[in-house]
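Colleague: In full-length UniProt numbering, the protein residues as written are 1 to 300. Pasting in a structure now, in structure tokens, and then I'll have a few things to ask.
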């Protein structure tokens, strides 16, 4: 049977289209696949780890992991030391305590191979040996000048009894008993004013400890860098008395305390910043009336 051209034209056209499409697909396959294969064979590129932007060490601070409140003059609250890995449930045998009346920032120094902490709290300074697994008081509490009576009431036994009473009242959800237990801590010297005593404190490179207490007083203590010796007072100074009268009006209390990179103490108060040498002599001050400082300060 004869075949007419018009009968096979659709078939020829379709075949022509397929022939045109296949080379195009082949070209796309040959042009893309080698590159994809090469990319797949390349080793994974991991981002380069950059060191954290930590402040430079202050040569006038003690060489320790926590020489000043907030870790360093920039108050970064961070360190380069790796944190713990793994976990386990703790028991009472894993916990060691040294009773003090509200101590939030015990700072540390090294004495030879030992690590020593000074815990400046509401009514005084407690020295603690914290080398390795040790956590033990060295001597008794050193009262702040003028806080001797309160410190005498804040004995370990009294604090333990007050906390036991407070824990029981809290578990019972009894607000009357909670207030009663808090009165026991108040009798030992804890109140809105004393609660900020010693919060900001530091060790200098010679092992001397500095803290603020009693509103406008700065205290310098030392243990002579002898591990077994208790702290003793070197000097205390009422900063407000060393200021001009117009500046002293702004210094109702000192909270912030830090060390400059040239070895001076910087004390922050509501409305003023005071610079002292390490013998607690006022060297300079600046006022900023109308502003409040209720935390510490950073230094670069």
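Glycine residues also receive a C-beta, built at the ideal position from the N, C-alpha and C atoms. Predicted model only: the values in this text are computed from it and were never measured.
Whose C-alpha, out of 90, 111, 146 and 297, is nearest the C-alpha of residue 129?
Modeller: Taking each of 90, 111, 146 and 297 in turn and checking the Cα distance to residue 129, the smallest one comes out for 111.
Colleague: Compute the distance between the beta-carbons of residue 213 and residue 198, then report whether it is under 8 Å.
Modeller: Yes, the pair counts as a contact, with Cβ atoms nearer than the cut-off.
Colleague: What are the boundary residues of the beta strand (DSSP E) that includes residue 238?
Modeller: 232-238
Colleague: Just list the residues that DSSP pairs residue 258 with in beta bridges.
Modeller: Note: residue 258 is bridge-paired with 266 in the DSSP secondary-structure output.
Colleague: Along the chain, where does the beta strand (DSSP E) that runs through residue 153 open and close?
Modeller: Run containing residue 153: none in the beta strand (DSSP E); it sits in the alpha helix (DSSP H), 148-153.
Colleague: Near residue 277, which residues of its chain fall below 7 Å by C-beta distance, leaving aside the five closest residues on each side in sequence?
Modeller: 264 and 283
Colleague: Where does the unbroken beta strand (DSSP E) through residue 173 begin, and where does it stop?
Modeller: Note, residue 173: premise wrong, no beta strand (DSSP E); not H, not E.
Colleague: Can you tell me which of the three DSSP states residue 229 falls into?
Modeller: coil
Colleague: Here's the rule I'm using: 16 or more other beta-carbon atoms within 10 Å means buried, otherwise exposed. How should residue 29 be labelled?
Modeller: Bear in mind that a pLDDT of 44 at residue 29, under 50, signals an unreliable position, so the number given afterwards is only what the model happens to contain. Its Cβ having fewer than 16 others within 10 Å, residue 29 is exposed.
Colleague: Within 8 Å, do at least three Cβ pairs link the segment 57-72 to the segment 242-255?
Modeller: no
Colleague: What is the rounded straight-line gap between the Cα of residue 148 and the Cα of residue 106?
Modeller: 21 Å
Colleague: Whose C-alpha, out of 68, 57 and 143, is nearest the C-alpha of residue 256?
Modeller: 68
Colleague: Helix, strand or coil: which one does DSSP assign to residue 109?
Modeller: strand
Colleague: According to the neighbour-count rule (16 or more other Cβ atoms, all chains shown, within 10 Å of its Cβ), is residue 46 buried or exposed?
Modeller: By the neighbour-count criterion, in which 16 or more other beta carbons inside 10 Å mark a residue as buried, residue 46 falls on the exposed side.
Colleague: Measuring straight from C-alpha to C-alpha, what distance separates residue 133 and residue 94?
Modeller: If you take the alpha carbons of residue 133 and residue 94, they lie about 10 Å apart.
Colleague: How would you write the range of the alpha helix (DSSP H) that residue 247 sits in, first residue to last?
Modeller: 245-248
Colleague: Out of curiosity, what's the CA-to-CA distance linking residue 238 and residue 216?
Modeller: 6 Å
Colleague: CB-CB under 7 Å to residue 247, same chain, minus the five flanking residues each way: which ones, in chain order?
Modeller: 272, 285 and 287
Colleague: Whole angstroms are fine: how far does the CA of residue 135 sit from the CA of residue 109?
Modeller: Each residue's alpha carbon lies about 14 Å from the other.
Colleague: Looking at residue 103 and residue 121, is the spacing between their C-beta atoms short of 8 Å?
Modeller: yes
Colleague: Since residue 129 is in the beta strand (DSSP E), which residue starts that stretch and which ends it?
Modeller: 124-129
Colleague: Counting along the chain, where does the beta strand (DSSP E) carrying residue 283 start and finish?
Modeller: Unbroken beta strand (DSSP E) run through residue 283: 282-287.
Colleague: When you compare only the Cα positions, how much space is there between residue 289 and residue 173?
Modeller: 44 Å
Colleague: By DSSP, does residue 202 sit in helix, in strand, or in coil?
Modeller: strand
Colleague: Quick one: residues in its chain with C-beta nearer than 6 Å to the C-beta of residue 292, no 5 flanking neighbours on either side, listed in chain order?
Modeller: Excluding sequence positions up to five before and after residue 292, its CB lies within less than 6 Å of the CB of 270, all in the same chain and listed in chain order.
Colleague: Who are the Cβ neighbours of residue 79 in its own chain at under 7 Å, not counting the five residues just before and after it?
Modeller: 65 and 71
Colleague: Is residue 98 near the ligand SAM, in the sense that its beta carbon is under 7 Å from a heavy atom of that ligand?
Modeller: In the structure shown, the ligand SAM is absent, as is every other ligand, since no ligand is present at all.
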